[in-house]
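Line by line, the protein sequences are chains X and F. When the letters of the first sequence are read in order and numbered with the working numbering, they come out as residues 2 to 197. When the letters of the second sequence are read in order and numbered with the working numbering, they come out as residues 2 to 197.
Protein chains: 2
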Amino acid sequence: MARSPRRLAPDARREQLVGAALEAFADGSYERVGLEEVAARADVARPLLYRYFPGGKPELFVAVLEEAWRRLVDQVDTGDGRPVTAKLPANVARFVGLAERSDPALRVVQQARHVDEPRVREITRDARRAWARSMAVNHLGTADPPEPVLAVLTGYLAFGEVLLEEWRIHGTITRADVERMLEGALPPLVGLVSAH
Amino acid sequence: MARSPRRLAPDARREQLVGAALEAFADGSYERVGLEEVAARADVARPLLYRYFPGGKPELFVAVLEEAWRRLVDQVDTGDGRPVTAKLPANVARFVGLAERSDPALRVVQQARHVDEPRVREITRDARRAWARSMAVNHLGTADPPEPVLAVLTGYLAFGEVLLEEWRIHGTITRADVERMLEGALPPLVGLVSAH
């Protein structure tokens, strides 16, 4: 494969490598994707990947997973001025739409659940909690709710992941089912802990 | 290690091997536990393990995971005669108790979430659905509810797994929090789908 002679500043290069790796991991899986493939997609030589990610594939995947979660958490609409009853259906529809389009960031995050690396589990938990904080802004007016609230919201994400799998992978339920369940489940779950 | 000369019928031997392997995987992890260790625990020679599980570690783990789920699903009290309002707290307390005692079957099931083998994912889903059917008996009076109900109950298990991790691994919430949330979450979640 021809190498492009393009020169990039280190930050831009790193971003480009992570972006190419994100697409590669989304299309393949952590086990199957090799650095050779990522280098080809990024149109760089393999040693360049090692210069940015000396730890090789595990380190690269960690950077990809962080980027994937950043993209997903950024999708949560916490804009003020509208009531939560309007934002919840819109947020649910946005995420269900990402699943329908097999969004690469979402696929990476889903794959990460099956990667048995302590650092990967840690990032997954931290990112789920960051997401939970965004949801807490909408539902409780604070990004720093008590731990039981974060636990319930994090659990709600896991609940949602199962619904998405049942719809997308197993076809046992419909998109409308998923939306109805995700919209309906959140208020009573938040209600369980918000009074404390 | 001395070999016991005990002779067992094939079914009993298989059961003994699976039991020893279940303890080994519960104490270690899928990655770290080797067949040598399982053989030592079962007090048999390694080739005997291969006679029962020609596929080696993946095949043995599948048998262990099936046994672990069987033990857990058997714990769901679906006994008739008592109202569900009495059975739910008792069932929740039983599972929370298993987590508190670091029950081996529960640990194996938790580890399996991080094993990236299609067969392991399949068993996990099938077993979660079997568990969901047991819960449906209590909450809806049928072990064969519509798919949306199974999806919600399966999602509830995933929700519960997150709560158990927050309590046991991260210490962010208490046992009482977990029990309150698990008891409180189920009725509204079932309510979302039982009218359909």
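C-beta: ideal position from N, C-alpha, C; glycine also. Computed from a predicted model, the values in this text were never measured in an experiment.
Straight-line Cα distance separating residue j from residue i
i                      : j                      : result
residue 127 of chain X : residue 121 of chain X : 10 Å
residue 97 of chain X  : residue 189 of chain F : 22 Å
residue 139 of chain F : residue 146 of chain F : 11 Å
residue 8 of chain X   : residue 64 of chain X  : 21 Å
residue 62 of chain X  : residue 31 of chain X  : 8 Å
residue 101 of chain F : residue 169 of chain F : 8 Å
residue 135 of chain F : residue 144 of chain F : 6 Å
residue 132 of chain X : residue 95 of chain F  : 31 Å
residue 178 of chain F : residue 142 of chain X : 22 Å
residue 166 of chain F : residue 11 of chain F  : 38 Å
residue 87 of chain F  : residue 23 of chain X  : 49 Å
residue 55 of chain X  : residue 116 of chain F : 26 Å
residue 185 of chain F : residue 53 of chain X  : 48 Å
residue 45 of chain F  : residue 13 of chain F  : 14 Å
residue 78 of chain F  : residue 89 of chain F  : 9 Å
residue 192 of chain F : residue 99 of chain F  : 27 Å
residue 109 of chain F : residue 38 of chain F  : 16 Å
residue 60 of chain F  : residue 111 of chain F : 18 Å
residue 195 of chain X : residue 148 of chain X : 11 Å
residue 47 of chain X  : residue 57 of chain X  : 10 Å
residue 18 of chain X  : residue 36 of chain X  : 11 Å
residue 3 of chain X   : residue 29 of chain X  : Unreliable positioning characterises residue 3 of chain X in this predicted model, as indicated by a pLDDT of 48, which lies under 50. A coordinate reading is not provided.
residue 156 of chain F : residue 40 of chain X  : 38 Å
residue 150 of chain F : residue 137 of chain F : 8 Å
Below-8 Å beta-carbon distance, residue i vs any chain F residue
i                      : result
residue 38 of chain X  : no
residue 156 of chain X : yes
residue 174 of chain X : yes
residue 185 of chain X : yes
residue 149 of chain X : yes
residue 182 of chain X : yes
residue 60 of chain X  : no
residue 106 of chain X : no
residue 115 of chain X : yes
residue 163 of chain X : yes
residue 153 of chain X : yes
Minimum C-alpha distance to residue i - residue among the options
i                      : options                       : result
residue 154 of chain F : X:154, X:152 and X:159        : X:159
residue 69 of chain F  : F:107, F:176, F:100 and F:119 : F:107
residue 21 of chain X  : X:182, X:10, X:137 and X:42   : X:42
residue 1 of chain F   : F:173, F:192, F:172 and F:161 : Coverage of chain F is limited to positions 2 through 197, which leaves residue 1 of chain F absent and any answer about it impossible.
residue 16 of chain F  : F:35, F:33, F:37 and F:50     : F:50
residue 76 of chain X  : X:91, X:87 and X:86           : X:91
residue 174 of chain F : X:152, X:29, X:89 and X:184   : X:152
residue 74 of chain F  : F:19, F:191, F:125 and F:176  : F:125
residue 187 of chain X : X:36, X:85 and X:119          : X:85
residue 66 of chain X  : X:36, X:103 and X:123         : X:123
residue 71 of chain F  : F:176, F:129, F:172 and F:119 : F:129
residue 93 of chain F  : F:164, F:27 and F:35          : F:164
residue 105 of chain F : F:27, F:35 and F:19           : F:27
Closer than 7 Å: residue i CB and nearest the ligand ATP heavy atom
i                      : result
residue 131 of chain X : The ligand ATP is not part of the structure shown, which contains no ligands of any sort.
Residue i - DSSP class collapsed to helix/strand/coil
i                      : result
residue 115 of chain X : coil
residue 149 of chain X : helix
residue 157 of chain F : helix
residue 102 of chain F : coil
residue 174 of chain X : coil
residue 197 of chain F : Model confidence at residue 197 of chain F stands at a pLDDT of 48, short of 50, so the residue's coordinates are unreliable and nothing is read from them.
residue 41 of chain X  : helix
residue 73 of chain F  : helix
residue 80 of chain X  : coil
residue 55 of chain F  : coil
residue 33 of chain F  : coil
residue 66 of chain F  : helix
residue 142 of chain X : coil
residue 120 of chain F : helix
residue 46 of chain F  : coil
residue 108 of chain X : helix
residue 9 of chain F   : coil
Min CB distance residue i to chain X below 8 Å
i                      : result
residue 11 of chain F  : no
residue 101 of chain F : no
residue 32 of chain F  : yes
residue 178 of chain F : yes
residue 193 of chain F : yes
residue 189 of chain F : yes
residue 21 of chain F  : no
residue 160 of chain F : yes
residue 167 of chain F : yes
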